[in-house]
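Take a look at the structure set out below.
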Amino acid sequence: MKSIRQLYKAGIGPSSSHSMGPKNAALRFKDSLPHNVSRIQAELYGSLAATGKGHLTDKALEAVFQGWTFEIVWRPDVFLPHHPCGLRLKALDQNGKILAEQLFYSIGGGDLADQDGKPLDVAYPDYPVSGIEDVLAWCRAEHHPIWQFADQHEGAELWDYLRAIWKTMCEAISRGLMPEDPILPGGLNLARRAPAMMACANERVGIQRDLNLLAAYALAVSEENAAGHTVATAPTCGSCGIVPAVLYYFEKHYRLPTRIILQALATAGVFGSSVAKRASISGAEIGCQGEVGTACAMAAAAAAQLLDGTPEQIEYAAEMALEHMLGLTCDPINGLVQIPCIERNAVAAMRAVECASYALATDGRHRISFDEVVEVMKKTGLDLQSDYKETALGGLARIAHKK
Ligand code: SF4
């Protein structure tokens, strides 16, 4: 399983696979270039080309290659073997001679793989377990909660790292609740809804207030992401509103100390890392079930822990959240991380708390394990037609094309 520090990353939205990953690839490529480069060419393949404009891939690359002549060749109909998001960078001299060339894959969550599909920039060692069943076995044997599993394998520096991630999440919520620009960029003229949702929450009581609060926080972060501002992947940019919304709701309205919130963030990370390792968190590879589905499971696990759930109840909450997101397609309109993405984050934040509440009404025993659902999600995602995997060719994106 991946380290949770590999999973949570602060960066610029709107897409970890389409803007953050390509930017990282460009920075890496730029570092290796000789002095006599006059022109840079990027070839984008598959999903990266199909939705790259809406996801601001071109802007992310242009920012890195400022000062050179830069061009992009969009090849949405070409899918390379190891992942749907392929990117080839070439550096040329003034006579058109290729001085350097490198192929990358943007594999989700801002991470990269090389031309053979081997992950690059793995800064932290993997955990020596294959999935959540192993983590639960460790919890039972050691009589420890799930978050201590992360602590045991990452050491004390984990907490400073998570504190910085939590700060990024909270700042995104604050900015998103009081944005400077009421309309999101990209051409859909979509109005930000977080402030109005928050105002509505403040006028209501009981369950309506709580649901509106969760939605407002999730909208705030997702709208910041859509605006291309700083967010933290959880596990991706497209799904970055769900975990912060649930944690912020508990911190503020249950008056929980930051230490307890960070422990819940660690537990959420253990579930997200397990999915990243055993299946995928890339919408281009397995659809939105891998992004919003995974984020919903992470947030459900965090919520169950904050409600004093046992490790088994926490695992049940996460399993339930993911199970009922199986098959969720990725079909963003105009390739923008806006419709259905933003509203979907709000719905998933509310769903996560429902799943936690349900799981805590049981003893945690259930038929299908989290690891089994992850296996099913992977198979389902691979079976999905590419139209439903971040190409903006099917589903909601297709309806929009007809209008
Ligand atoms: S539909 Fe889901 S997976 Fe696709 S871009 Fe939006 S949030 Fe990401």
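Counted the way the numbering used here counts, the sequence shown spans residues 11 to 413. Every residue, glycine too, gets a C-beta built ideally from N, C-alpha and C.
Roughly how far, in whole angstroms, is the beta-carbon of F159 from the beta-carbon of V241, given that I think they are within contact range, below 8 angstroms? Locating residue 159 in the sequence shown gives position 149, where the first residue counts as 1. Locating residue 241 in the sequence shown gives position 231, where the first residue counts as 1. Incorrect: roughly 26 angstroms between the Cβ atoms, too far for contact.
Original post:
Quick one: is the Cβ of S249 within less than 7 angstroms of any heavy atom of the ligand SF4?
Top reply: Translated into the one-based positions of the sequence shown, residue 249 becomes position 239. Answer for S249: yes, Cβ within range of the ligand SF4.
If I measure Cβ to Cβ from V74 and keep anything under 8 angstroms in the same chain, skipping five residues before and after, which residues do I get? Within the sequence shown, residue 74 is the residue found at index 64, counting from 1. Around V74, the same chain offers K33, A36, L37 and K40 as residues with beta carbons nearer than 8 angstroms, after the five sequence neighbours per side are excluded.
Starting from the C-beta of M30, find all residues in its chain whose C-beta is less than 6 angstroms away, skip the five residues before and the five after it, and write them out in chain order. Within the sequence shown, residue 30 is the residue found at index 20, counting from 1. In its chain, beyond the 5 residues on either side, G21 and G120 have a beta carbon closer than 6 angstroms to the beta carbon of M30.
Across which residues does DSSP place W84 in a beta bridge pair? Taking the first residue of the sequence shown as position 1, residue 84 is located at position 74. DSSP lists L54 as partners of W84.
Discussion item. Quick check: what's the CA-CA separation for P205 versus L187?
Written reply: Stepping through the sequence shown from its first residue, residue 205 is reached at position 195. Stepping through the sequence shown from its first residue, residue 187 is reached at position 177. In this structure, the alpha-carbon of P205 lies about 5 angstroms from that of L187.
| message | At the level of alpha carbons, what is the spacing between I369 and A311? | response | Start at 1 with the first residue of the sequence shown, and residue 369 comes out as number 359. Start at 1 with the first residue of the sequence shown, and residue 311 comes out as number 301. Before going on, a small fix: residue 369 reads as Ala here, not Ile. Separation of A369 and A311 (C-alpha to C-alpha, rounded to the nearest whole angstrom) is 10 angstroms.
Worksheet item: Smallest Cα separation from T401: which of R150, R185, D136 and I296?
Response: Translated into positions along the sequence shown, residue 401 becomes position 391. Here the closest residue by C-alpha is I296.
Exposed unless 16 or more other CB atoms sit within 10 angstroms - verdict on N222 = The residue you call residue 222 lines up with position 212 of the sequence shown. When all chains shown are included, N222 counts as buried.
TODO: Please list, in chain order, all residues of the same chain as A226 whose beta carbon is under 6 angstroms from its beta carbon, the five residues on each side excluded.
DONE: What you label residue 226 is simply residue 216 of the sequence shown in a count that begins at 1. For A226, same chain residues with a beta-carbon under 6 angstroms away, outside a window of 5 residues either side, are A204, M207, M208 and A211 in chain order.
Can you find a heavy atom of the ligand SF4 that lies under 7 angstroms from the Cβ of P350?
On the sequence shown, position 340 is the one that residue 350 refers to. Yes - the ligand SF4 has a heavy atom lying nearer than 7 angstroms to the Cβ of P350.
Along the chain, where does the beta strand (DSSP E) containing F114 start, and where does it finish?
As a working mapping, residue 114 is identified with position 104 in the sequence shown. Taken as a continuous stretch (DSSP letters only), the beta strand (DSSP E) holding F114 covers I108 to G118.
query: Could you give the distance in angstroms between the alpha-carbon of A230 and the alpha-carbon of S367?
result: As a working note, residue 230 is residue 220 in the sequence shown. As a working note, residue 367 is residue 357 in the sequence shown. Between A230 and S367, the alpha-carbon positions lie close to 24 angstroms from each other.
Under the rule that 16 or more other beta-carbon atoms within 10 Å means buried, what is Y115, buried or exposed? For the purposes of this step, residue 115 is taken as the residue at position 105 of the sequence shown. The residue is buried, with at least 16 neighbouring Cβ atoms inside 10 Å.
| said: Buried or exposed, going by whether 16 or more other CB atoms sit within 10 Å of the CB of D381? | reply: Walking along the sequence shown from the start, residue 381 turns up at place 371. Around the Cβ of D381, a 10 Å sphere holds 16 or more other Cβ atoms; the residue is buried.
*Over what stretch of residues does the alpha helix (DSSP H) that includes T246 continue unbroken?*
As a position in the sequence shown, residue 246 is number 236, starting the count at 1. Per DSSP, T246 lies in no alpha helix (DSSP H) and is assigned neither H nor E.
Using 8 angstroms as the cut-off, can you tell me whether the stretch 263–279 makes contact with the stretch 139–146, which would need three or more C-beta pairs spanning the two stretches below that distance? Per the Cβ contact rule, the stretch 263–279 is not in contact with the stretch 139–146 (fewer than 3 Cβ pairs under 8 angstroms).
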